[in-house]
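One line per chain: the protein sequences are A and B, in this order.
Residue -19 is where the first sequence starts when you use the working numbering, and the numbers rise one by one after that.
Residue -19 is where the second sequence starts when you use the working numbering, and the numbers rise one by one after that.
Since the structure comes first, as structure tokens, the remarks are kept for the end.
2 protein chains.
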Amino acid sequence: MFSHKLVPNISVDCVIFGFDFEKLNVLLVDRELKDEKTGEILIKDYTLAGYHIYEDEELDAAAARILKDLTGLDNIFLEQFASFGQLDRVAGEKDQLWLKAIKKGFSERIVTVGYLALIDNTKVELHLKDRDVKWFPVSMVEEMDMAFDHKAIFYKAMEALQKKVKVEPIAFELLPDYFTLSQLQKLYEALLGASFDKRNFRKKVAQMHYVIPLKKKQKGVAHKPAQYYLFSREVYEKTRKGKISFII
Amino acid sequence: MFSHKLVPNISVDCVIFGFDFEKLNVLLVDRELKDEKTGEILIKDYTLAGYHIYEDEELDAAAARILKDLTGLDNIFLEQFASFGQLDRVAGEKDQLWLKAIKKGFSERIVTVGYLALIDNTKVELHLKDRDVKWFPVSMVEEMDMAFDHKAIFYKAMEALQKKVKVEPIAFELLPDYFTLSQLQKLYEALLGASFDKRNFRKKVAQMHYVIPLKKKQKGVAHKPAQYYLFSREVYEKTRKGKISFII
């Protein structure tokens, strides 16, 4: 399909978020380099899901390819949030060692386009077997050893996500088709690092015409089964049309 | 200062907006190519303000350099809004002719990082003498002949700007330090392509604690001099702190 000739100095990196009904997680890839002779581990840390683009591949297509490879999923919420071109972004000692070992000739200036991906966790689990890819709670990232400037890219993605969920209904991308209001509240709490009063939260949700109550209820739960809701983008768009709002 | 060795396949393009108290304008650069022998004009159209990055130059620095060159201004509101890597973005016949004539060897895949720049028109006018650079009303762009994918980049920038002014107080970057409420209303109308009722608009503004009335009034105007206001980012940030809002 592609020429498989990579562009040496342009890559994409995906910051893939998932929600497990308790906390927000990010998908990271193992990076390990062993000394060929001694077997000694020279590098062991984590990277975002990224790679160089092919010469005949669009940026969005490259990001979608990487996501598909890792998760088996198509049609995921995937959006650019920033590009990164810091001069020293691949200049670290470990990173130079890695680039020299793995990608000969790629040790120069690399500009990467950052993508934000939001995944419904319940759909992806099965595809992650036997891959050096794992979900980590976002709260763990600070203490993790990460490649290149990937920690900085992750923080920038978190910031973009937190801004975005306040003004666009993208949080729903992290939920399954049917969800309970407790799940929705937990999601917003995880996204914004806040905790909300249950009654106030439900009052707010009652004003969101596009969060629609269903007759369906939870099954097989120990507690009183909660009602399911769904998000309708169509209702969102129709009810927002013509609304002009300012920041106040 | 820089090595002046350009990166052939990475550029930045600035979509520079200004407001003349009546309408929103965009700064465009003339592109003209003449046949060396006959003097016949081969290309005559417009481009955004952009160029390749230097090998030892950060993306933000490249955008700031281009802005400084064109407008003489530092410390302008300047923010990435998207990157563009479409396969055919420099493939047009005119564009290939241009690249071959002007930038030998730069005819291949070029990814460009788009920057949004907001300028206080009253500060910039003097610096534009003798340059092939001009303000054009944004409403004119549709009918203009533009280089590469610059029209698409412009539209994407408009979209980003319209989204952003609703959630961040960046519109004020387009105004001088002191402005009247009529000027502010005209600005929001120009930005959002809408018209507002004067009384409702003023009610909204009265709720923005960060738009602060001054004792100062307009001078030398034919009509009744209007009161001046200023925008305080400090007040904005202090009054927003801890506010958690959702889209409703």
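Ideal Cβ positions, reconstructed from N, Cα and C, are used throughout, including at glycine.
- At a cut-off of 7 angstroms between beta carbons, residue 39 of chain A contacts chain B.
- The alpha-carbon of residue 175 of chain A is positioned some 5 angstroms away from that of residue 169 of chain A.
- A Cβ of chain A is located within less than 7 angstroms of the beta carbon of residue 65 of chain B.
- For residue 36 of chain A, the chain B residues whose C-beta falls within less than 7 angstroms of its own C-beta are 67, listed in chain order.
- Put simply, the CB of residue 133 of chain A is far from chain B, with every gap to its CB atoms at 7 angstroms or more.
- According to DSSP, residue 5 of chain A shares a beta bridge with A/-2 and A/117.
- The criterion of a C-beta distance shorter than 7 angstroms is not satisfied by residue -5 of chain A and residue 58 of chain A.
- Nearest C-alpha to residue 219 of chain B among B/13, B/17, B/121 and B/149: B/149.
- Among the residues facing chain B, residue 207 of chain A is not included, as its CB has no counterpart in that chain under 7 angstroms away.
- Among the bridge pairs identified by DSSP, residue 59 of chain A is matched with A/96.
- In terms of beta-carbon proximity, residue 62 of chain B lines the interface with chain A, with at least one pair separated by less than 7 angstroms.
- Contact note: residue 21 of chain A does not reach chain B at a C-beta cutoff of 8 angstroms; the least C-beta distance is about 33 angstroms.
- Distances from the CA of residue -11 of chain B to each of A/141, A/146, A/197 and A/33 were compared; the closest alpha carbon is that of A/33.
- The residue among A/27, A/39 and A/98 with its C-alpha nearest the C-alpha of residue 62 of chain B is A/39.
- Annotated as distal: residue 200 of chain A and residue 101 of chain A, with beta-carbon spacing of 7 angstroms or more.
- Restricting attention to A/212, A/165, A/128 and A/-9, the CA atom closest to the CA of residue 91 of chain A is found in A/-9.
- In this structure, the straight-line span from the alpha carbon of residue 122 of chain B to that of residue 137 of chain B is close to 14 angstroms.
- Residue range 21 to 27 is occupied by the beta strand (DSSP E) that includes residue 25 of chain B.
- Residue environment: residue 44 of chain A is assigned as buried (16 or more neighbouring CB atoms within 10 Å of its CB, all protein chains considered).
- With a threshold of 7 angstroms between beta carbons, residue 90 of chain B makes no contact with chain A.
- For the set A/127, A/73 and A/70, the Cα lying nearest the Cα of residue 29 of chain A is the one of A/127.
- Separation of residue 125 of chain B and residue 31 of chain B (C-alpha to C-alpha, rounded to the nearest whole angstrom) is 19 angstroms.
- In this structure, residue 23 of chain A lies near residue 74 of chain A, with their beta-carbon atoms less than 7 angstroms apart.
- The DSSP-derived three-state label of residue 211 of chain B is strand.
- DSSP places residue 88 of chain A outside both helix and strand once states are collapsed to three, so it counts as coil.
- Taking each of A/209, A/4 and A/143 in turn and checking the Cα distance to residue 99 of chain A, the smallest one comes out for A/4.
- Cβ neighbours of residue 162 of chain B within its own chain (closer than 7 angstroms, five residues either side excluded): 206.
- Listed along chain A, no residue sits closer than 7 angstroms to residue 55 of chain B by beta-carbon distance, the nearest being about 21 angstroms off.
- Here DSSP, grouped into helix, strand and coil, assigns residue 196 of chain A to strand.
- For residue -9 of chain B, the pairing in a beta bridge is given by DSSP as B/32 and B/92.
- Non-local C-beta neighbours of residue 129 of chain B in its own chain, meaning closer than 7 angstroms and more than five positions away in sequence, comprise 64, 66 and 69, ordered along the chain.
- For the pair residue 134 of chain A and residue 209 of chain A, the CB atoms are not nearer than the 7 angstroms cut-off.
- Looking at the DSSP output, residue 64 of chain A shares a beta bridge with A/92.
- Taking all protein chains in view, the Cβ of residue 211 of chain A is crowded by 16 or more other Cβ atoms within 10 Å, so the residue is classified as buried.
- Boundaries of the alpha helix (DSSP H) harbouring residue 162 of chain B: 161 to 172, taken from the DSSP string.
- For residue 93 of chain B, the residues of chain A that pass the 7 angstroms Cβ criterion are 63, in the order they occur in the chain.
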